[in-house]
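Numbering (our numbering), first residue to last: 347 to 781. Built from N, CA and C at the ideal position, the CB exists for glycine as well. None of these values were measured; they are calculated from a predicted model. Structure, as structure tokens:
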């Protein structure tokens, strides 16, 4: 047989396989089933859909409550709710796990990135998802698990994106020297034994929110990179925000209102811990960043650590964006920005400098990068001095209260080195909402 013939047959076989990829349907309303997996006769259980699927297939699950564990069994398939982008669909497509350490979802058979779980609410068991492989988990909520929202062990390296880990014992736990998860755009909230615990291996964490965990992040003998994250209202001993004994590089993060039982509020670590381009605004616990009693403390670079009010938009209600005039604007290290290793903007370039902030806005505006998780984006009109989207009495009062000579103050709208009548007229002439 000629090489040309073999090539043609290979292409035809691949095309036939692609054409044969199947979507299987699951609906708990079809119980007791078992069903055949068609839209008219769906399977009763998710596991029946997985068992029927071949690599490349998709299992679509209708809203409902599905009890017990499911396992991917090494298959490169997608298991998803009917609309993972719809929060209401996600919260009503429930995997109710067993009351044991056994995971409600098992990815323990060599799964790779083409094994996808998307759009489920996983609850009520011991562990939400047990991972020893490298699946992709997107837009899932792990809530009320008595052990772990996700347990990553024995070399597990999942990609976890846009997920919420809420009110579990531990949000995410990695346990194993070769585990290396990527955790992007996730919320870890109210996990009373810790938001993220990293025991060995490595972890890449980007654009995540850690709120009211005990503590936010605990790194033990691992290598963690933490970028564009907020840590607020977490609690714990020796580092309520981050406790790190190992290498941990924390870049462009914001720490606010963390509660230490002892030791520092924001970060505890040794000289393997680097805090760079960060805002640390803590009112409790003495020194907000501290190292061991005998040893070197964390390295702190280009960061605002209780030195001056960072001027958040509304810290009381969790809005940690910067107001005009914040000392954190353009005050961080542009060369200190890490590469876009998690491809936040989806352009395939993982070597470019970090392009987005925690709000998915441009990471660099102006001469340099800002400190903290949020980049000040400016206003569509220069006279909107307080950045609230309108030129109004707040801006007028700002001009009047800074009348006279000033340095590079935002009220000097004409840039002549002083706030005067020209600046007052600039405010009055564009009064109202910014276009």
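*Leaving out the 5 sequence neighbours to the left and right, which residues in its chain are closer than 7 Å to residue 558 when beta-carbon positions are compared?*
535, 536, 579 and 580
*asked:* Whole angstroms are fine: how far does the CA of residue 628 sit from the CA of residue 661?
replied: 12 Å
*Just tell me which of 436, 376 and 730 has its CA closest to the CA of residue 777.*
Checking every option, the nearest Cα to that of residue 777 belongs to 730.
*6 Å Cβ shell around residue 376 - same chain, five flanking residues per side excluded*: 388 and 390
*Exposed or buried, residue 735, counting other C-beta atoms within 10 Å across all chains shown (16 or more means buried)?*
exposed
*Rounded to whole angstroms, what's the CA-CA distance from residue 757 to residue 750? Just pull it up for me.*
10 Å
*Just the Cα atoms here: how many angstroms apart are residue 708 and residue 616?*
32 Å
_Taking 7 Å as the limit between beta carbons, can you name the residues of its chain near residue 422, skipping five residues before and five after?_
401, 402, 458, 460 and 461
*What first and last residue would you give for the alpha helix (DSSP H) that runs through residue 436?*
433-437
*With 16 other CB atoms within 10 Å as the buried threshold, where does residue 367 fall?*
exposed
*Which value, in whole angstroms, describes the spacing of the CA atoms of residue 468 and residue 769?*
56 Å
*asked:* Given this structure, state the Cα-to-Cα distance separating residue 607 from residue 583, to the nearest angstrom.
replied: 5 Å
*For the alpha helix (DSSP H) containing residue 592, list its first residue and its last residue.*
No alpha helix (DSSP H) contains residue 592, which is instead part of the beta strand (DSSP E) from 588-597.
*If we cut at 7 Å on Cβ distances, does residue 523 have a partner in chain C?*
Annotation note: the requested chain C is absent from the structure, which comprises a single protein chain.
_Going by DSSP in three states, residue 767 sits in which element: helix, strand or coil?_
helix
*Within its chain, find whatever has a CB closer than 8 Å to the CB of residue 363; leave out the 5 residues flanking it on each side and keep chain order.*
The pLDDT assigned to residue 363 is 46, lower than 50, so where the model puts this residue is not dependable, and the model offers no usable value.
*With DSSP as the reference, label residue 390 as helix, strand or coil.*
coil
*asked:* At the level of alpha carbons, what is the spacing between residue 370 and residue 408?
replied: 11 Å
_So if DSSP puts residue 384 in a beta bridge, which residue, or which two residues, is it bridged to?_
The partner list for residue 384 (beta bridge, DSSP) is empty, contrary to what the question assumes.
*Ordered along the chain, which non-local residues of its own chain (more than five positions away) have a Cβ less than 8 Å from that of residue 647?*
Apart from the 5 residues on each side of it in sequence, residue 647 sits with its Cβ closer than 8 Å to the Cβ of 620, 621, 622, 623, 679 and 682 in its chain, given in chain order.
*Assess, as a yes-or-no matter, whether the stretch 475-491 is touched by the stretch 432-450 under the definition of 3 or more beta carbon pairs within less than 8 Å.*
yes
*State buried or exposed for residue 573, treating a residue as buried only when at least 16 other CB atoms are found within 10 Å of its CB.*
buried
*By DSSP, does residue 493 sit in helix, in strand, or in coil?*
In the structure shown, the three-state DSSP call for residue 493 is coil.
*Return helix, strand or coil for residue 745, following the three-state DSSP convention.*
In this structure, DSSP gives residue 745 a helical state, which the three-state scheme calls helix.
*Identify which residue in 540, 546 and 510 has its Cα closest to the Cα of residue 527.*
546
*In the DSSP assignment, find the unbroken beta strand (DSSP E) run with residue 647 in it and report its ends.*
645-647
*Who are the Cβ neighbours of residue 676 in its own chain at under 7 Å, not counting the five residues just before and after it?*
712, 713, 714 and 716
_Beta-carbon proximity check, residue 773 vs residue 748, cutoff 7 Å_ = no
*Please state whether DSSP places residue 523 in a helix, a strand or coil.*
coil
*Straight-line gap, residue 762 to residue 744 (C-alpha atoms, nearest Å)*: C-alpha separation (whole angstroms): 17 Å.
*Contact under 7 Å by Cβ, residue 304 with residue 464*: Examination of residue 304 is not possible in this model, given that the chain is present from 347 through 781 alone.
*Nearest CA to the CA of residue 742: which residue from 728, 754 and 753?*
Answer by Cα proximity: 728.
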